[in-house]
Structure formats: C-alpha cells, structure tokens
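Residue numbers (the numbering used here): 59 to 203.
Take a look at the structure below.
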Amino acid sequence: MRSLRNRALTIAAVALAAVFASAVPASAQVAFRGAFTLHHQIRWQNTTLPAGDYTFEMKSLATPRITLYGPRGPQFITASVANEKVLDKSMLVIENRGNQSCVRELRLAPIGRSLRYSVPKAPKDVELAQGPVTREQVLIAVRAK
C-alpha cells in the first residue's frame, strides 16, 4: 500500500517537474515604444526633464503610464486622461507659458491613443505678464516592439 502511494507521488512529482521545466516564460509585451529629442528643458507632470534624447515605452493599453528613459535614468509618468482617437502623427504637445514649458499631451498614432497631462496654472496676474500661451509639437519616432 505504501509503495503504491510512493509510486503515485513520484509519478506526479516527475510530471509536475516536466510541466514547469517545459514552460516558456512569457515575455512582457509592450504596447508602444518611441523616441524623441528635447531641445530645451521641459516639465512633465512633477518631473523636470533636461534637453536631450529620450526613449519611452507603454507596457499596457489599459494603464495610461509610460516608462521614460533619458539622461536622468528611468522615470514613470502617468497620464491624467487617456482617450482613443484617430491620429495622423505621434507627437508630444508642449505648452509654453513665459519661460516654462510643460507637456500637455502625448499622441500615439499607431495605437490610436492620446494621453493628457496636467499643466500647472500660473496666477492670473503672472499669466497676463507672461503673454499668450503657445504650443509646440515634438515628433516621436516609433520604435519596433
């Protein structure tokens, strides 16, 4: 009786080991990868980014968060709002207010997503002194997944 039980447990253990040994680890799929170059310092959410070359990736379409790689190492940036849109180009939309530039939107054309970010508001008297708000676009190079 004992040998029959030991034999069954041994067979089950070998079968279980074979299943785990043959399992291929799932590699994390990336929904989007891109790169861009900043020609001047900007603010993106609570992060100030110096001029330079950057790459980023979005791991999931369900979570509006990107991992940004640049001169200061990896950083996580989460969007305020994510919308599905038909877009013709991938780009960063940057708002310029006086001497401060902030990322307002990240448009990802191949996956039809537009990620919006909060931009700090200046007090009314400072805003009037700084002049009108202007926008610039920084094109994003799509990277292979």
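Backbone N, C-alpha and C fix where the C-beta goes; we use that ideal spot for every residue, glycine too.
Remember, it's a predicted structure, so these values are computed and weren't measured experimentally.
Query, Result
"State whether the segment 142-161 contacts the segment 100-108, with contact taken as three or more CB pairs (one from each stretch) at a distance under 8 Å.", "yes"
"Apply the 10 Å Cβ neighbour rule to Arg201 and answer buried if 16 or more other Cβ atoms are within range, or exposed otherwise.", "exposed"
"What are the complete beta strand (DSSP E) segments, minimum 3 residues, inside the segment 112-187?", "123-128, 131-136, 139-142, 149-155, 158-166, 171-174"
"Would you say Pro168 touches the ligand ADP, meaning its beta carbon is less than 8 Å from a heavy atom?", "Absence of the ligand ADP from the depicted structure is noted, as is the absence of any ligand whatsoever, leaving it without description."
"Would you mind reading off the limits of the beta strand (DSSP E) that contains Val191?", "Unbroken run through Val191: none, as it is neither H nor E."
"Could you give the distance in angstroms between the alpha-carbon of Val88 and the alpha-carbon of Lys179?", "33 Å"
"Would DSSP call Val88 helix, strand or coil?", "coil"
"Write down the C-beta distance between Ile135 and Glu194 rounded to the nearest angstrom, noting that I regard them as a contact closer than 8 Å.", "No, Ile135 and Glu194 are not in contact; Cβ-Cβ is about 19 Å, not under 8 Å."
"Buried or exposed: where does Val177 fall if 16 or more other Cβ atoms within 10 Å of its Cβ makes it buried?", "buried"
"Measuring only the C-alpha atoms, how far is Ser148 from Glu115?", "13 Å"
"Tell me, please, which residues DSSP counts as bridged to Ala199.", "Ala93"
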